[in-house]
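Mapping of the sequence shown onto the numbering used here: position 132 corresponds to residue 408, and the numbering continues sequentially without gaps. Quick reminder that beta carbons are idealized off the backbone N, C-alpha and C, glycines included.
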Amino acid sequence: MKNDWMTTSSFERMHEVISAINVLSIHAKLVKAKVIDPTDQADIQRARDRLLTFLGRFQVLIQNAEQGGATVVGADPRLGELALRFLSHKRRLSHRTPLYEMSFDRLRELIKVDNSESLPDLISCLRDLRSLVEQHAYADVVDLLGDV
Numbered sequence: 277m278k279n280d281w282m283t284t285s286s287f288e289r290m291h292e293v294i295s296a297i298n299v300l301s302i303h304a305k306l307v308k309a310k311v312i313d314p315t316d317q318a319d320i321q322r323a324r325d326r327l328l329t330f331l332g333r334f335q336v337l338i339q340n341a342e343q344g345g346a347t348v349v350g351a352d353p354r355l356g357e358l359a360l361r362f363l364s365h366k367r368r369l370s371h372r373t374p375l376y377e378m379s380f381d382r383l384r385e386l387i388k389v390d391n392s393e394s395l396p397d398l399i400s401c402l403r404d405l406r407s408l409v410e411q412h413a414y415a416d417v418v419d420l421l422g423d424v
């Protein structure tokens, strides 16, 4: 039962992260196209805050795994698995994308401001991050419900 609770909790958190990514991705694409975004600015800021909080926790796990080869003891094991998956993708991708090339500090800067020059990189990073998190969330669903 404890494992089901952890998996369910992980799925809910990843769903919140995916929702935040979607809000910011749509916003960035509209800004890039010079179209007015009808989304409330408070919703955009909440999405930024949620994603920045996630990235802060995620960055600590990534840095620890890069330095010592393991995730933080006591950390959410599912988030630790996502960090290891991120590093695996980073190592084996034949073509580099901004998400795997830039620092987390730079990614956080991109998320915080609507800079038209950096929107293509932000959109690319959000796309790749959403893909990574969706794969992870799918694994949670399979753990809970079996292969669907």
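- Beta-carbon separation (whole angstroms), leucine 398 vs alanine 304, contact threshold 8 angstroms: 5 angstroms
- Roughly how many angstroms separate the alpha carbons of lysine 278 and glutamate 288, rounded to a whole number? In this predicted model, lysine 278 has a pLDDT of only 47, less than 50, meaning its place in the structure is not dependable; the value taken from the coordinates is given anyway. C-alpha separation (whole angstroms): 15 angstroms.
- Distance, leucine 402 Cα to serine 301 Cα: 6 angstroms
- Query: So, helix, strand or coil for lysine 310, using DSSP?
  - Reply: coil
- Message: In whole angstroms, give me the CA-to-CA distance for arginine 333 and glutamine 339.
- Response: 10 angstroms
- Item | CB of leucine 337 within 8 angstroms of CB of leucine 383, strictly | no
- Item | Per-residue burial, isoleucine 312 [other beta carbons within 10 Å of its own, 16 or more giving buried] | exposed
- Around the Cβ of valine 389, are there at least 16 other Cβ atoms within 10 angstroms (buried) or fewer (exposed)? exposed
- Reduced DSSP category for asparagine 260 - H, G, I as helix; E, B as strand; rest coil: The shown model of the chain, from 277 to 424, leaves out residue 260, and the question about it has no answer.
- Query: What three-state label does DSSP hand leucine 454 in the structure shown?
  - Reply: Outside the shown range of the chain, which is 277 to 424, sits residue 454, and nothing can be said about it.
- Query: Considering only residues of the same chain and omitting the five flanking positions on each side of alanine 296, which have a CB-CB separation below 6 angstroms?
  - Reply: Ala323, Arg326 and Leu327
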